[in-house]
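Enquirer:
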Amino acid sequence: MPTAYHPAGNSFLSDLHASVTSTSPKPLVLAPIATMGHPGFRSLIADFSSPRAFWTEMISAEALANRGTYEEYYLDPRPQPENLIIQLLWRNPEALEPAIDRIHQHMEGLDADWIGLDLNLGCSAPQIVRSGAGISWLSKPDRLTRLLSRLRKKVPTRTLSVKIRLPDSPDGRDDKDYAHVRALGSALAETGIDFITLHPRTRKQGYSRPAQWNAVSCLQEALTIPVIGNGDIQDLPGLDIRSRYSSAGLMVGRAVIQQPWFFLLGNLPRLSPPSPIPGRIQQGNGAPGPWELQPSAPGLHTALSKGLMRWRGSSLQVDLLTTAKAFHAYLEQFQPEDFWITRTKRFYAYYTKNLLFGHRIGASIQNLRDYRAMESLFTEYLGENPEHRWKTVFEDRP
48 MPTAYHPAGN SFLSDLHASV TSTSPKPLVL APIATMGHPG FRSLIADFSS
98 PRAFWTEMIS AEALANRGTY EEYYLDPRPQ PENLIIQLLW RNPEALEPAI
148 DRIHQHMEGL DADWIGLDLN LGCSAPQIVR SGAGISWLSK PDRLTRLLSR
198 LRKKVPTRTL SVKIRLPDSP DGRDDKDYAH VRALGSALAE TGIDFITLHP
248 RTRKQGYSRP AQWNAVSCLQ EALTIPVIGN GDIQDLPGLD IRSRYSSAGL
298 MVGRAVIQQP WFFLLGNLPR LSPPSPIPGR IQQGNGAPGP WELQPSAPGL
348 HTALSKGLMR WRGSSLQVDL LTTAKAFHAY LEQFQPEDFW ITRTKRFYAY
398 YTKNLLFGHR IGASIQNLRD YRAMESLFTE YLGENPEHRW KTVFEDRP
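Converting from the sequence shown to this note's numbering requires adding 47 to each position, the first position being numbered 1.
#1: Can residue 121 be considered in contact with the ligand FMN, in the sense that its beta carbon sits closer than 6 Å to one or more heavy atoms?
#2: Helix or strand or just coil, what does DSSP make of residue 357?
#3: Please determine if the segment 111-127 and the segment 392-411 are in contact, where contact requires at least 3 C-beta pairs separated by less than 8 Å.
#4: Within its chain, find whatever has a CB closer than 7 Å to the CB of residue 309; leave out the 5 residues flanking it on each side and keep chain order.
#5: Let me know if residue 87 comes out buried or exposed under the rule of 16 or more other beta-carbons within 10 Å of its beta-carbon.
#6: Tell me where the alpha helix (DSSP H) around residue 421 begins and ends.
#7: Between residue 56 and residue 162, what straight-line distance do the alpha-carbon atoms span, to the nearest angstrom?
#8: Is it buried or exposed, residue 210, if we count other Cβ atoms within 10 angstroms and call 16 or more buried?
#9: Just mark residue 70 as buried or exposed, buried being the case when its beta carbon has 16 or more other beta carbons within 10 Å.
#10: Looking at C-alpha atoms only, which residue of 420, 404 and 170 is the closest neighbour of residue 180?
#11: Name the DSSP bridge partner or partners of residue 88?
#12: Alpha carbon to alpha carbon, how far is residue 248 from residue 259? Give it in angstroms, no decimals.
#13: Please list the terminal residues of the continuous beta strand (DSSP E) segment that includes residue 100.
#14: Nearest CA to the CA of residue 206: which residue from 119, 58 and 292?
#15: Can residue 109 and residue 142 be called in contact, C-beta distance under 7 Å?
#16: Which runs of the beta strand (DSSP E), 3 residues or longer, sit entirely within the segment 117-148?
#17: Would you mind listing the alpha helix (DSSP H) stretches within the segment 189-251 that are 4+ residues and don't spill past its ends, in chain order?
#18: Let me know the alpha helix (DSSP H) ranges lying completely inside the segment 288-320, each 4 residues or longer, listed in chain order.
#19: When you compare each of 139, 262 and 355 to residue 177 by their alpha carbons, which one comes out closest?
#20: Since residue 106 contacts residue 135 with CB under 8 Å, what's their CB separation in whole angstroms?
#21: Taking a contact to mean a Cβ-Cβ separation below 7 Å, would you say residue 101 touches residue 131 in this structure?
#22: Specify the secondary structure class of residue 438 as computed by DSSP and reduced to three states.
#23: Rank 359, 364, 355 and 360 by C-alpha distance to the C-alpha of residue 374 and give the top, closest one.
#24: Give me, in chain order, the residues of the same chain whose beta-carbon lies closer than 7 Å to that of residue 418; leave out the 5 immediate sequence neighbours on both sides.
#25: Considering only residues of the same chain and omitting the five flanking positions on each side of residue 67, which have a CB-CB separation below 7 Å?
#26: Just checking my contact of residue 228 with residue 172 at CB under 8 Å: how many whole Å lie between their CB atoms?
#27: Locate the alpha helix (DSSP H) running through residue 382, then write down its first and last residues.
#28: Whole angstroms are fine: how far does the CA of residue 99 sit from the CA of residue 329?
#29: Compute the distance between the beta-carbons of residue 382 and residue 85, then report whether it is under 7 Å.
#30: If you count every other CB in all the chains shown that lies within 10 Å of the CB of residue 279, and 16 or more means buried, which is it?
#31: Return the chain-ordered list of same chain residues with a C-beta closer than 7 Å to the C-beta of residue 89, the five sequence neighbours on each side being excluded.
#32: I'd like to confirm the pairing. Which residues does DSSP put opposite residue 164 in its beta bridges?
#33: Just to confirm, is the Cβ distance from residue 270 to residue 313 under 7 Å?
#34: If we count the other Cβ atoms within 10 Å of its Cβ and call it buried at 16 or more, is residue 405 buried or exposed?
#35: Would residue 160 and residue 208 qualify as a contact pair, given that the criterion is a beta-carbon distance under 7 Å?
#36: From 168, 129, 123 and 256, pick the residue whose C-alpha is nearest to that of residue 149; which is it?
Okay, structure coming up:
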């Protein structure tokens, strides 16, 4: 493992390498979610509990190279620069080096330590594939490996990684023993990259079939560099299941839009009864009764002190109204007004699933064109229906 990186990169890589052989909970990271990887949403997540690393949403290398209008917003490293990985998407490989130069200049100007760069080789959206970006690069392995070797020299002191999907089999048959992804992973690793994130579905599969997590294990066991797995982690049972596969970490995406508190629950140690959950201790006499906070529960103190969560008996509850208001406050603080509508629609497409009949509110929000009307529709609904405001997300049964 390289040791010449800045502290943030060294620390993150050390955690990934250690996790491959450890029985401790795997590091959790935030996926590069289009329109939702901005610093406002990252700040909301951090109010509950931060993942081990935040990916930005995918950023166009061409836009950075040409100093696009919104560059400063995409490269804003807050709230935790030291936990940030910046992901680039490109059509023209000649745009990558000037884009990387611009990233270095921007981050150095902020005196920010950050983990590193990630290259998107997995996006399979039709418009992205048609443009020659994303997963289309996996069909050009020789060009890709030459490009990565060149970029490794361009990024000597930050981590360099890639995010991929399963490659399509050349003969169109199922890659049952995952020979193709193992060959691809080996070729990528030889370029000097630090780790790989694998979403174990092919481009053609999209989201129509379950993610093939055996492929994640197979790739990790074939390589000496860490492999992070991504796909089908929608809830805590899903997280527990994917934790059993061989990997260096777990990447979570859309589930966090619906549940910005996901990492708080996912980061809680798995305790066996009768041990109480970290963050709560019984009265001195050991009798059931009031509980008080312990500093050992990461993020929980902040969430409780800001009114985002509360204890009701043995139930940990989220205030859906206060959380939504915090989303809007952060959105307006960190994003230009031109982005408010698109980001709000994406947020509520998932967040309204927390309500029993949330699909109706979600559909209504998608049909609106006014940002304030979107905000008001949700907050007024919960104000008028207070019984839906609090959602139990954890039951502590010592």
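Where a beta carbon is used, it is the ideal one built from N, C-alpha and C, also for glycine.
Expert: With the structure as the only source:
#1: Questions concerning the ligand FMN fall outside what the structure shown contains, since it holds no ligand whatsoever.
#2: Of the three classes helix, strand and coil, the one that applies to residue 357 here is strand, per DSSP.
#3: Touching, no, given that fewer than three Cβ pairs across the two stretches are closer than 8 Å.
#4: Cβ neighbours of residue 309 beyond the five flanking positions: 299, 302 and 303.
#5: Classified as buried, residue 87 has 16 or more neighbouring CB atoms from the shown chains inside 10 Å of its CB.
#6: Residue 421: member of the alpha helix (DSSP H) spanning 418-431, first to last residue.
#7: Taking the straight line from one Cα to the other gives about 4 Å.
#8: The residue in question, residue 210, is buried, as its Cβ has 16 or more Cβ neighbours within 10 Å.
#9: Of the residues assessed, residue 70 falls on the exposed side of the cut-off, its CB having fewer than 16 other CB atoms within 10 angstroms.
#10: Of 420, 404 and 170, the residue nearest in Cα terms is 170.
#11: The partner list for residue 88 (beta bridge, DSSP) is empty, contrary to what the question assumes.
#12: Their backbone Cα atoms lie some 6 Å apart in a straight line.
#13: Per DSSP, the continuous beta strand (DSSP E) segment holding residue 100 begins and ends at 100-102.
#14: Per the Cα distances, 58.
#15: A contact, by the Cβ cut-off of 7 Å.
#16: Listed in chain order, the complete beta strand (DSSP E) runs (minimum 3 residues) inside the segment 117-148 are 131-136.
#17: Complete alpha helix (DSSP H) runs here, min 4: 226-236.
#18: Unbroken alpha helix (DSSP H) stretches of 4 residues or longer found wholly inside the segment 288-320: 301-305 and 309-314, given in chain order.
#19: Of the candidates 139, 262 and 355, 139 places its Cα closest to the Cα of residue 177.
#20: Between residue 135 and residue 106 the Cβ distance is about 6 Å, and since that is below 8 Å, they are a contact.
#21: The Cβ atoms of residue 101 and residue 131 sit closer than 7 Å to each other.
#22: Note: residue 438 maps to strand in three-state DSSP.
#23: The shortest C-alpha separation from residue 374 is found at 355.
#24: If we look at residue 418 and ignore the five residues flanking it on each side, its Cβ neighbours are 387, 388 and 391.
#25: Apart from sequence neighbours up to five positions away, the residues of its chain that approach residue 67 with a beta-carbon distance below 7 Å are 267, 273 and 295, ordered along the chain.
#26: The beta-carbon distance between residue 228 and residue 172, rounded to whole angstroms, is 21 Å. This is too long to meet the 8 Å contact definition.
#27: Counting along the chain, residue 382 falls outside any alpha helix (DSSP H), and DSSP gives it neither H nor E.
#28: Unreliable positioning characterises residue 329 in this predicted model, as indicated by a pLDDT of 40, which lies under 50. The coordinate reading is nonetheless provided below. If I take the Cα positions, the gap works out to 30 Å.
#29: By the CB criterion at 7 Å, residue 382 and residue 85 fall inside the cutoff.
#30: So residue 279 counts as buried.
#31: Here the set comprises 101 and 126.
#32: Looking at the DSSP output, residue 164 bridges to 133 and 207.
#33: No.
#34: Flag for residue 405 reads buried.
#35: Between residue 160 and residue 208, the C-beta spacing is not below 7 Å.
#36: Ranking the options by Cα distance to residue 149, first place goes to 123.
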